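Its first residue numbered 8, the sequence shown is counted upward by one per residue in this note's numbering.
Structure, as structure tokens:
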Amino acid sequence: MSQTLKSMLKLSAAAASMGLLVGCASQTSMQDLQAEIDDVRGLADSAMDEASTAMMTAEGAETSAANANRKADENSEKIDRMFEESMYK
Numbered sequence: 008m009s010q011t012l013k014s015m016l017k018l019s020a021a022a023a024s025m026g027l028l029v030g031c032a033s034q035t036s037m038q039d040l041q042a043e044i045d046d047v048r049g050l051a052d053s054a055m056d057e058a059s060t061a062m063m064t065a066e067g068a069e070t071s072a073a074n075a076n077r078k079a080d081e082n083s084e085k086i087d088r089m090f091e092e093s094m095y096k
């Protein structure tokens, strides 16, 4: 065989080997990337669950605070009435 044909065959073999290596590396990289994306999705789902729980807790606290405020207003009015009644006596 001629020298150029041998060189071409060697270059073709080297290029094919590099193509396989790059292809395998790309596949591994894609799998790693997909695993990382799945992890991030899991973290995001957990964060959303915790946020929902926090929101429900905050709504409960808001309701409790509103009830306490209403009760404090009622007690204040009752004390005012009692004071006024004691002043008339």
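All C-beta atoms, glycine included, are put in the ideal place defined by N, C-alpha and C.
Remember, predicted model here, so these are calculated numbers, not experimental data.
Quick check: the Cα distance between residue i and residue j, rounded to an integer number of angstroms?
i: Asp-56; j: Lys-78; result: 33 Å
i: Ala-54; j: Gln-38; result: 24 Å
i: Tyr-95; j: Lys-85; result: 16 Å
i: Ser-83; j: Gly-49; result: 51 Å
i: Val-47; j: Asp-87; result: 59 Å
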